[in-house]
Amino acid sequence: MLLFSEGFGTGHTQAAYALAEGIQRMSPGIQCRVIELGNFLNPTVGPLILSAYRKTVSTRPRLVGMLYRSQYKKSLNRLTRLALHRIFYAQAQRVIEELQPDLIICTHPFPNAVVSRLKRQGLEVPLYTLITDYDAHGTWVNPEVDEYLVSTPHVKKMLMLRDILPEYIHVTGIPVHPKFWERGDRKALQAELQLKNMPTVLIMGGGWGLVFNKELLSKLASRAGDIQLVFCMGQNEKLVASMREDPIFQHPNIHVLGYREDIHKLMDVSDLLITKPGGMTCTEGAAKGIPMLFYEPIPGQEEVNSHFFVSEGYAEILDSASVIDKWLNLLSDRYDQVTKHRNDAGRRRIRHLEPDHCAGQVSGAARTKDAYPAIRKKPSRYWRTSPNIHSNSYIAYSNKKLPCHGGQGSFFCINPSIFRGFLPLSTDDPEYRFWPIRRRRPLHPV
Numbered sequence: 083m084l085l086f087s088e089g090f091g092t093g094h095t096q097a098a099y100a101l102a103e104g105i106q107r108m109s110p111g112i113q114c115r116v117i118e119l120g121n122f123l124n125p126t127v128g129p130l131i132l133s134a135y136r137k138t139v140s141t142r143p144r145l146v147g148m149l150y151r152s153q154y155k156k157s158l159n160r161l162t163r164l165a166l167h168r169i170f171y172a173q174a175q176r177v178i179e180e181l182q183p184d185l186i187i188c189t190h191p192f193p194n195a196v197v198s199r200l201k202r203q204g205l206e207v208p209l210y211t212l213i214t215d216y217d218a219h220g221t222w223v224n225p226e227v228d229e230y231l232v233s234t235p236h237v238k239k240m241l242m243l244r245d246i247l248p249e250y251i252h253v254t255g256i257p258v259h260p261k262f263w264e265r266g267d268r269k270a271l272q273a274e275l276q277l278k279n280m281p282t283v284l285i286m287g288g289g290w291g292l293v294f295n296k297e298l299l300s301k302l303a304s305r306a307g308d309i310q311l312v313f314c315m316g317q318n319e320k321l322v323a324s325m326r327e328d329p330i331f332q333h334p335n336i337h338v339l340g341y342r343e344d345i346h347k348l349m350d351v352s353d354l355l356i357t358k359p360g361g362m363t364c365t366e367g368a369a370k371g372i373p374m375l376f377y378e379p380i381p382g383q384e385e386v387n388s389h390f391f392v393s394e395g396y397a398e399i400l401d402s403a404s405v406i407d408k409w410l411n412l413l414s415d416r417y418d419q420v421t422k423h424r425n426d427a428g429r430r431r432i433r434h435l436e437p438d439h440c441a442g443q444v445s446g447a448a449r450t451k452d453a454y455p456a457i458r459k460k461p462s463r464y465w466r467t468s469p470n471i472h473s474n475s476y477i478a479y480s481n482k483k484l485p486c487h488g489g490q491g492s493f494f495c496i497n498p499s500i501f502r503g504f505l506p507l508s509t510d511d512p513e514y515r516f517w518p519i520r521r522r523r524p525l526h527p528v
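So for the sequence shown, our numbering puts the first residue at 83; every next one is plus one.
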């Protein structure tokens, strides 16, 4: 299996690695490879584009939100897909031909669009799309996708509104690495991480180390006498260096860290998580059962993510000083109440968020390759329809030459309101075969 991701935020790639790990645990005979396709094909240009995107997200979040909303109901158009292919992904087909995967899984819209384009050009490899947020933006949707793996029933309903058949949408939850489902020994981990046995707050800026405002940082630092603070600022090395030099963080109970591979351990020894509401971080926090405060969600998918986890009782929005004061006071004065809250959350778990649910869906399909409807030796073919074709149109197949369109043995699209009386529109007629279609819906003739 080949898993394609992109580095626009670390969550997409983490989800791909988590899914690969789960698949190999369940089915050791299945080989998985994860590739950040843009960086892999463009090692020089790729990091520059990611850096520009990161700067835009951190300095112009409203612009990001505006772009997200303006394109919400739209798939990537043909010109955009062509530009992506020629500028960044021109060698994608060669990678696929060399690795010869039996299944491709995309965890980001860009490689998803590129592989979809290759499928239209004749690539015969099944394509799965794993949506790594709690929303269904239009850029995820392509008619060549064989199966969708989504986080919640709500996301499934949103895809169904985009004319995707429900049997091709599976509610699997976003996969997280198995280590987030295990609880380590708190005291042993505190000794390993050189942390004290006291109420602890973990503050994460995401993989990119997005900056928190000075007022919040100062308020947190002022409570370092009775609450341990662990700042994990990701790959933002300049921010890490400046925080370590800042006098307000010069306290034995304050720890400023950069990018870490052991976030699961830091969550185990922490009692509260303050973070940006990326889909992957939220899901990992929910798996650990740690209470979360969401700081300034970026308009768009982070807002949707935050609303979901707040509604499920796992988090609050950090939108005022009173929220952080409430939680810091709970940690210092009523620590047992916070501990109970975490234990209850750990037992409750979000529906469909199970350790091996997503991996089981994919590996099960691979094990039953000949019987499973979406994975075949020759994957299902798709017919694209023009946006101006009505939803009551049909795909028709003719066994004889037609005077209106197409030749003998050809597929063509017709609309009954236009051709009524011109063609025998009867599904019982042996000369013709008809399948009702709706725009951008995959067709599986039977």
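Glycine included, every Cβ here is placed at the ideal spot set by N, Cα and C. Keep in mind that this is a model prediction, so the values were computed, not measured.
Extent of the continuous beta strand (DSSP E) run through Ser40: What is shown of the chain runs 83 to 528, which leaves residue 40 out entirely.
Cβ contact (3+ pairs, closer than 8 Å) linking the stretch 316 to 323 and the stretch 233 to 245: no
Alpha-carbon to alpha-carbon, Val232 and Cys188: 12 Å
Distance, Asp353 Cα to Lys320 Cα: 27 Å
6 Å CB neighbourhood of Ser393 in its chain, flanking five on each side removed: none
Residue ranges of each beta strand (DSSP E) within the stretch 339 to 408, 3 or longer: 354 to 357, 374 to 376, 397 to 399
Proximal residues to Glu88 (C-beta, below 7 Å), its chain only, five neighbours per side dropped: The answer, listed in chain order, is His94, Glu118, Leu119, Gly120, His190, Phe192, Pro193.
Segment contact, 8 Å Cβ cut-off, at least three pairs: the stretch 142 to 151 with the stretch 400 to 419: no
Beta-carbon gap between Leu271 and Ala368 smaller than 8 Å: no
Inter-residue spacing [alpha-carbon to alpha-carbon] between Ser414 and Val253: 39 Å
Beta-carbon gap between Pro235 and Val207 smaller than 8 Å: no
Residue interval of the beta strand (DSSP E) (run including Leu101): No beta strand (DSSP E) holds Leu101; the alpha helix (DSSP H) holding it covers 93 to 108.
Option in Pro373, Leu355, Leu277 with minimal Cα separation from Tyr396: Pro373
Boundaries of the alpha helix (DSSP H) in which Gln175 is found, first to last residue: Where Gln175 is concerned, the enclosing alpha helix (DSSP H) stretches over 174 to 181.
Nearest neighbour of Leu164, chosen from Val420, Val196, Leu247, Gly287 [CA to CA]: Of Val420, Val196, Leu247, Gly287, the residue nearest in Cα terms is Val196.
Local conformation of Val223 per DSSP, three classes: coil
Bounding residues of the alpha helix (DSSP H) (the contiguous stretch that carries Val253): Counting along the chain, no alpha helix (DSSP H) covers Val253; the unbroken beta strand (DSSP E) around it starts and ends at 251 to 253.
Segment contact, 8 Å Cβ cut-off, at least three pairs: the stretch 341 to 351 with the stretch 274 to 282: yes
Thr365, buried or exposed, once every other Cβ within 10 Å from all chains shown has been counted against 16: buried
Nearest-angstrom Cα separation, counted from Gly382 out to Gly491: Since pLDDT at Gly491 reaches only 39, below the 50 mark, its modelled position is unreliable, and the value read off the structure follows with that caveat. Each residue's alpha carbon lies about 47 Å from the other.
Straight-line gap, Val177 to Arg115 (C-alpha atoms, nearest Å): 12 Å
Contained alpha helix (DSSP H) runs [length at least 4] in the stretch 281 to 329, N- to C-terminal order: 296 to 303, 319 to 327
Coil, strand or helix - Tyr230 by DSSP: strand
N- and C-terminal bounds of the alpha helix (DSSP H) containing Val196: 191 to 202
Lys156 classed as buried or exposed, judged by whether at least 16 other C-beta atoms fall within 10 angstroms: Exposed, by the Cβ-count rule.
For Ser198 and Ala323, the rounded distance between their alpha carbons: If you take the alpha carbons of Ala323 and Ser198, they lie about 43 Å apart.
Contact under 8 Å by Cβ, Gly104 with Asp215: no
Opposing strand residues paired with His337 [DSSP bridges]: Val312
Cα-Cα separation, Gln113 to Trp222: Straight-line measurement puts the Cα of Trp222 at about 25 Å from the Cα of Gln113.
Whole-angstrom distance between Lys422 and Arg268, CA atom to CA atom: 15 Å
Which of helix, strand or coil DSSP assigns to Leu212: strand
CA-to-CA distance, Val312 to Gly340, given in whole angstroms: The straight-line gap from Cα to Cα measures roughly 11 Å.
Cα-Cα separation, Thr211 to Ala441: 13 Å
Identity of the residues DSSP links to Arg115 by a beta bridge: Leu84
Cα-Cα separation, Pro437 to Ser445: 14 Å
Selected residue, minimal CA-CA separation from Gly204, among Ala218, Gly220, Thr363, Glu179: Glu179
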